[in-house]
Every structure is written in C-alpha cells, then in structure tokens.
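Start counting at 1 in the sequence shown, then tack on 183, and there's your number in this note's numbering.
The C-beta atom is built at its ideal place from N, Cα and C for all residues, glycine as well.
Just so it is clear, the structure is predicted and the values come from calculations on it, not from any experiment.
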Amino acid sequence: MRLKACIICEDIRREVGNKHSLMGIYDDAIIFHVPPAKKDSWPRAKNLAFFIRIVLEEGEDAASFCRARLSSRTDGGPVNVIATADLNRRPGAKKLNIIMAMNPFLFHEEGEMAFRLDLLDGDSRVSGSIPDLYTLKVAQQVLA
C-alpha cells in the first residue's frame, strides 16, 4: 500500500454522490495565538480531521482491512492512539478513503507531532502501516 493523500483540516463533510468537502485545511503547522496570561497554558482544543487516501498494490485486497487506527507522538514522547474508524471497503477496490475526525482534539504541548496509520484485520492485528503519515508542528504565538 502507498499513501496517495493525507490532508488535515477542521472538518470533513460527506456529500451526495460519494464526495467529501474539507473545511479549514491546515498547512504543516497549527499556531495558537494566545494572550500573555495564557502563555504555556495547555491543553488547548481545536477541531481536527484527517482525510487519508491509500492506494493498494497488486495482491492487496481492501476487504482484508477492517479498521484504521491513528496514533501520534510529540517530539519522540509516548505513542498515543487518538482515533479508530471502521473502514467502508469493497472487495476488489484499489483504494481506501479513510476519514477520522476528533472534535475537539486536545493539544497538550508545543512540538513536532508525528502521525502513524495502522490498518487492522478482523482480529485487530496490524496488517498494514504507514509509519510516517504526517508531521505537524504545534506552536504558540503570544499576542502583544
């Protein structure tokens, strides 16, 4: 399997006709603008959603993947599972679209957040992974 797209945004809406609308797409950083009195006051909440498209390679079958598990780690710290989702899969499909929304998502500190995606089989065993799914910088900017 290979990653075709990973987009992080505030919200994802399902549309008629098998379409999705992504709202508030983030760049590679989320910066919290805070007054001086709130400097270094964590956690902070934001809506966070992932749109992930995976292309399956020859011999891989979408039907073998039952759930997706998203985990994160900040600056090499402990790994935290942040979301799981059942997969809407069709036998013979050559791609998987995975949507995960955490509303709100709590950011606990500044730093580089590394995200990993694991695809699980029916017995909850990892049957595929994308270890370097996305890296997101989390920072704060104190308002003058």
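Got a sec, what are the start and stop residues for the beta strand (DSSP E) F215 sits in?
Segment A212 to V217, the beta strand (DSSP E) holding F215.
So, with DSSP's three-state summary, where would you put A245?
The answer is helix: DSSP assigns A245 an H, G or I state.
Where does the unbroken beta strand (DSSP E) through P314 begin, and where does it stop?
Unbroken beta strand (DSSP E) run through P314: V309 to V325.
For V321, count neighbouring Cβ atoms within 10 angstroms of its own Cβ and tell me buried if that reaches 16, exposed if not.
Result: buried.
Output the boundary residues of the beta strand (DSSP E) element that contains E284.
Here the sequence assigns Ala to residue 284, which means Glu is not the residue at that position. That run of the beta strand (DSSP E) goes K278 to F290.
Distance, Cα to Cα, S307 vs F215?
Roughly 36 Å between the two C-alpha positions.
Using only the alpha-carbon positions, how far apart do M206 and A297 sit?
Taking the straight line from one Cα to the other gives about 22 Å.
Taking the beta carbon of A246 as the centre, do at least 16 other beta carbons fall within 10 Å, making it buried, or is it exposed?
The residue in question, A246, is exposed, as its Cβ has fewer than 16 Cβ neighbours within 10 Å.
Using the DSSP secondary-structure output, state which residues sit across from R273 in a beta bridge.
None; R273 has no bridge partner.
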